[in-house]
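With the first letter of the sequence shown counted as 1, position 233 gets the number 827 in this note's numbering; the numbers rise by one all the way through.
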Amino acid sequence: MGRKSLWLLALVAAGLVLAYFWLQRPLPPVVPSRVALLPTLQEQVTSVSAIEVRRPGQPLVRLERQGEAWVVPAKAAYPAALTPIATLLRALAEAHKLEAKTANAQLHGQLGLAEQGEAEQQATRISLELSGGRSLGLWVGKRAQQGEGQLLRMAGEDQVWLIDQALELPATELEWLDRRITAIPFASVKELDLRYANGERLTVLRDNQNELNLKVKQLPSGKRLAYEAAANGMVMLFAELDFADAAPLAQVQFKSRPLLQFSLTNFTGGQLNGAVYSQGEQLWLTLPQSRNFSTEQLPGKTDWAYRLEPYQYQTLAKKLKDLVVKN
């Protein structure tokens, strides 16, 4: 047999050896396509009666369903924001397993899936309570390094999975609350009347909805506004007014008179009366009376006090000197 034939046989033999070892290599777990993460949840989202979320180093947040609404029991059953709840439940119901990762519990910390340890190593725990006393629990870790997805594992299991959904979770209890106070369209407002503790008064108004800018009732003759829309910001505040914190009115004992009181009316007979108090270097809004506003336009409640950010109060609490041309 010639030298060339021997080289050919040697190459064939080497190829067979490599093929053998390739076929004998350990394979990762095979994940059938489109395997649901929580198959029992897909058709039972509406049966979820409570959600608990515990982030590392933060208090437990519990949300409970009450009819069509959700509330935060620890916050005196204040309404929860529906969007983050719906987003979370939809993501969990639609999540599918993409790839099996490690089942070694000693590696969980590197993936943000440890139950103990440094804060950056710990997972966020999510628990769902369903009708009939059933429950589902999972630990949520880091986002996928490439593309969309999240690393997680089921409660009581070491196996880590990469899923095809990124789970969006509010960072604090406050962000789980429905923080809207008012959502009154600017174009619908007819008049806003402010009354300060020192007796000063400022009224901004317009005669019809076609007027783009508000006038100042107390504008002296010969004076003019700094610009045509100078008074609009006071009313625009009520189109999207959210609170920085909230407390039941019964728990807040205001020790002084309000800094200002206001009355807002619209073109369809709606009226909202409110007051702003200063307490402990914080600004608190109350809404003692209202009529003819829908709950969508006025989510705020009469028996609660709402903490405002300083810039929100400054936007509202304008005086005549703030609106006119400076001499």
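The beta-carbon is built from N, C-alpha and C at its ideal position, and this holds for glycine as well.
{"Asked": "Taking one C-beta from the region 835-849 and one from the region 767-782 each time, how about it: are there three or more such pairs within less than 8 angstroms?", "Found": "yes"}
{"Asked": "Report the partner residues of residue 867 according to the DSSP bridge assignment.", "Found": "857 and 883"}
{"Asked": "So, for residue 705: in the same chain, excluding its five sequence neighbours on each side, which residues have a beta-carbon less than 8 angstroms away from its beta-carbon?", "Found": "695, 696, 735, 736, 745 and 754"}
{"Asked": "Could you check the C-alpha separation between residue 900 and residue 789 for me, to the nearest Å?", "Found": "19 angstroms"}
{"Asked": "Starting from residue 915 and walking both ways along the beta strand (DSSP E), at which residues does that stretch end?", "Found": "Counting along the chain, residue 915 falls outside any beta strand (DSSP E), though it belongs to the alpha helix (DSSP H) covering 914-917."}
{"Asked": "Helix, strand or coil for residue 755, going by three-state DSSP, please let me know.", "Found": "strand"}
{"Asked": "Please go through the region 622-662 and give each complete alpha helix (DSSP H) segment of 4 or more residues, from N-terminal end onward.", "Found": "633-636"}
{"Asked": "Which residues in the same chain have their Cβ closer than 7 angstroms to the Cβ of residue 760, if we skip the five residues on either side of it in sequence?", "Found": "737, 742, 743 and 744"}
{"Asked": "Determine the DSSP secondary structure at residue 873, reduced to helix, strand or coil.", "Found": "strand"}
{"Asked": "Determine contact between the region 645-657 and the region 720-734, defined as no fewer than three beta-carbon pairs at a distance below 8 angstroms.", "Found": "yes"}
{"Asked": "Which class does residue 670 belong to by DSSP, given the choice of helix, strand or coil?", "Found": "coil"}
{"Asked": "Give the DSSP-derived three-state secondary structure of residue 893 in the structure shown.", "Found": "coil"}
{"Asked": "Would you tell me roughly how many angstroms separate the C-alpha atoms of residue 691 and residue 756, rounded to the nearest one?", "Found": "6 angstroms"}
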